[in-house]
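Here the sequence shown is numbered in UniProt numbering, starting from 1 and rising by one per residue. The C-beta atom is built at its ideal place from N, Cα and C for all residues, glycine as well. First the structure, in the form of structure tokens, and then the observations on it.
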Amino acid sequence: MVDPVGATGVLADPAKIASLVQIGDVNDFAALRDAVRQVAEEVGPVDRLVAVSEFTLGIAAEVREALDIPGPRPADVAVYRDKLRMKEVVAEAGVRVPRFASCADHGAAVEFARSTGFPLILKPVGGAASIGIHRVEDEAALTVLLDQVDTADHELEEFIDGAIYHVDGFADQDARIPFMAVSRYINDCLSFEAAGEPLGSVVVQASPLRERVEEFARRCVSALGMTSMPFHLELFLTPGGELVFLEVAGRIGGAEVPYLTEKLFGINLFRAWLDAVCEGGATLPPQVGDPSGGWLIIPKPGGLPARVRSVTSLREEFGTIWRELVPAVGDVMEPGGSYDAVHSGRFILVGDEETVEEDIRKIIAGFHLETVPVRQ
């Protein structure tokens, strides 16, 4: 079941697809439910309903429940979709989380802000990809924002100062983790979405810190009861060395995470996920060595639409670059697109941790894209 944009990404041989139903909005409950029923009428009962996007995990759970299809129900999905619920569960397990509060009660939200102090983070409870997140500097700004958003669907969080790490792995049927990779962000997702800054990440090699982060991830995944699924967990490392939970998603990490994971570790997280859901379990290859690598996305420039006049290719300059994707001269760059867009440049690097991080920073400094406006 796909929407119009999703239909463009179906590259399989049509002869191998038993039924394909296109609907206007995959988050329209009635439309998705009826699409599943249509598939059942055409090819037989639906054994599994699999959603791989953060934005469709919830609606898929609702349809499973309505049609009695095996798989996670809304209450199951809430622990890794509802940011209030996930922090409640993780905190109950003794894991440090930012102080947080619902914005459903305007007055209570302001009182929480006063007691916690500014800056604070305002975010949608069910959001993803840093969309709709605001750093709030003072009470006046908070009051304005609370009048602009659906407060029933937003929360406030204590601002945590520190480096942000992410852990991408797979939880088995017992909520154990047979595979995970720890990475450190270069810049952060909020700056990428809100300020148009480059976003990168580098895989952390063996160290006492990595062992601490891995144990932290095990505690979080176990507490949340995440089973037979990939996960993308984010956490802070404060200047004092404390690990603080940020959030977790019950899906594969975005950007270049799945491609780098397969390149470095020989693990296709999409295949593992589908094997777990459809075949009753996933067999992951044993890990050999201690590889590292990283990725970088340089966002689109302002003033779009615009035509590319010149662009830097850095493939020959850096031996760590495994894959480079940049727009061609003459291409017209349109506004929009998140982590999946071409942007000004996308890079995947392979090498030791220190060299990869150094090269990512050099690419940020040396990359150049020149465009000219396109008249509309």
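* Hey, out of PHE179, GLU324, PHE265, whose CA is closest to HIS232's CA? -> Position 232 of the sequence shown, counting from 1, holds the residue named residue 232. Among PHE179, GLU324, PHE265, the Cα nearest to that of HIS232 is on PHE179.
* Asked: What does DSSP give as the partner residues of TYR165 in its beta bridges?
  -> Against the sequence shown, residue 165 aligns to sequence position 165. In DSSP, TYR165 forms a bridge with ARG184, LEU235.
* Go through its chain and collect everything with a Cβ distance to ILE133's Cβ below 6 Å, but skip five positions before and after it. => Here residue 133 refers to the residue found at position 133 of the sequence shown. If we look at ILE133 and ignore the five residues flanking it on each side, its Cβ neighbours are LYS123, LEU190.
* Asked: DSSP on GLU211, reduced to helix/strand/coil?
  -> Here residue 211 corresponds to residue number 211 of the sequence shown, with the count starting at 1. GLU211: helix per DSSP, three-state reduction.
* Asked: By how many angstroms is the C-alpha of GLU139 removed from the C-alpha of GLY117?
  -> Counting from one through the sequence shown, the residue named residue 117 turns up at place 117. Counting from one through the sequence shown, the residue named residue 139 turns up at place 139. Approximately 9 Å between the Cα atoms of the pair.
* **LEU243 - containing beta strand (DSSP E), residue span** => Indexing the sequence shown from 1 puts residue 243 at position 243. From DSSP, the beta strand (DSSP E) with LEU243 extends over 243-249.
* Alpha carbon to alpha carbon, what distance is there between ALA61 and VAL26? -> Here the question's residue 26 lines up with position 26 in the sequence shown. Here the question's residue 61 lines up with position 61 in the sequence shown. Roughly 13 Å separates the two Cα atoms.
* ASP352 and SER313 closer than 8 Å at C-beta -> Looking up residue 352 in the sequence shown gives position 352. Looking up residue 313 in the sequence shown gives position 313. The Cβ atoms of ASP352 and SER313 lie no closer than 8 Å to each other.
* Helix, strand or coil: how does DSSP classify PRO98 here? -> Residue mapping note: residue 98 aligns to position 98 of the sequence shown, counting from 1. Under the three-state reduction of DSSP output, PRO98 falls in the coil class, being neither helix nor strand.
* Could you tell me which of GLY302, ILE297, HIS368 sits nearest to ILE348, measuring between CA atoms? => To locate residue 348, count along the sequence shown from 1; it is residue 348. Taking only the C-alpha atoms, the option nearest ILE348 is ILE297.
* Given a cut-off of 8 Å, decide if VAL329 and VAL311 are closer than it, judged by their beta-carbon atoms. => Numbered from 1 along the sequence shown, position 311 holds the residue referred to as residue 311. Numbered from 1 along the sequence shown, position 329 holds the residue referred to as residue 329. Cβ atoms of VAL311 and VAL329: closer than 8 Å.
* Is DSSP giving VAL21 helix, strand or coil here? -> Mapped onto the sequence shown, residue 21 falls at position 21. Note: VAL21 maps to coil in three-state DSSP.
* In chain order, each alpha helix (DSSP H) run of at least 4 residues that lies wholly inside the segment 66-123 -> 74-81, 83-92, 106-116
* **Inter-residue spacing [alpha-carbon to alpha-carbon] between ALA7 and GLY266** => As a position in the sequence shown, residue 7 is number 7, starting the count at 1. As a position in the sequence shown, residue 266 is number 266, starting the count at 1. Their backbone Cα atoms lie some 28 Å apart in a straight line.
* Asked: Mapping DSSP to helix, strand and coil, what is residue 395?
  -> Absent from the structure is residue 395, since the part of the chain shown begins at 1 and ends at 376.
* Assign GLU158 to one of three DSSP states: helix, strand, or coil. => Numbered from 1 along the sequence shown, position 158 holds the residue referred to as residue 158. Three-state DSSP puts GLU158 in a strand.
* To do: Tell me whether the beta-carbon of CYS220 lies closer than 8 Å to the beta-carbon of VAL95.
  => If you number the sequence shown from 1, residue 220 lands on position 220. If you number the sequence shown from 1, residue 95 lands on position 95. For CYS220 and VAL95, yes; Cβs fall inside 8 Å.
* Could you tell me if ASP13 is buried or exposed, where buried requires 16 or more neighbouring beta carbons within 10 angstroms of its beta carbon? => In the sequence shown, residue 13 corresponds to position 13, counting from 1. Counting other Cβ atoms within 10 Å of its Cβ, ASP13 stays below 16 and is therefore classed as exposed.
* Specify the secondary structure class of VAL203 as computed by DSSP and reduced to three states. => Position 203 of the sequence shown, counted from the start, is the residue given in the question as residue 203. Reduced to three states, the DSSP call for VAL203 is strand.
* Asked: By Cβ distance, which residues of its chain are closer than 6 Å to ALA276, with the 5 residues on each side in sequence left out?
  -> Within the sequence shown, the letter at position 276 stands for residue 276. Excluding sequence neighbours, ALA276 sits near SER228, ALA282.
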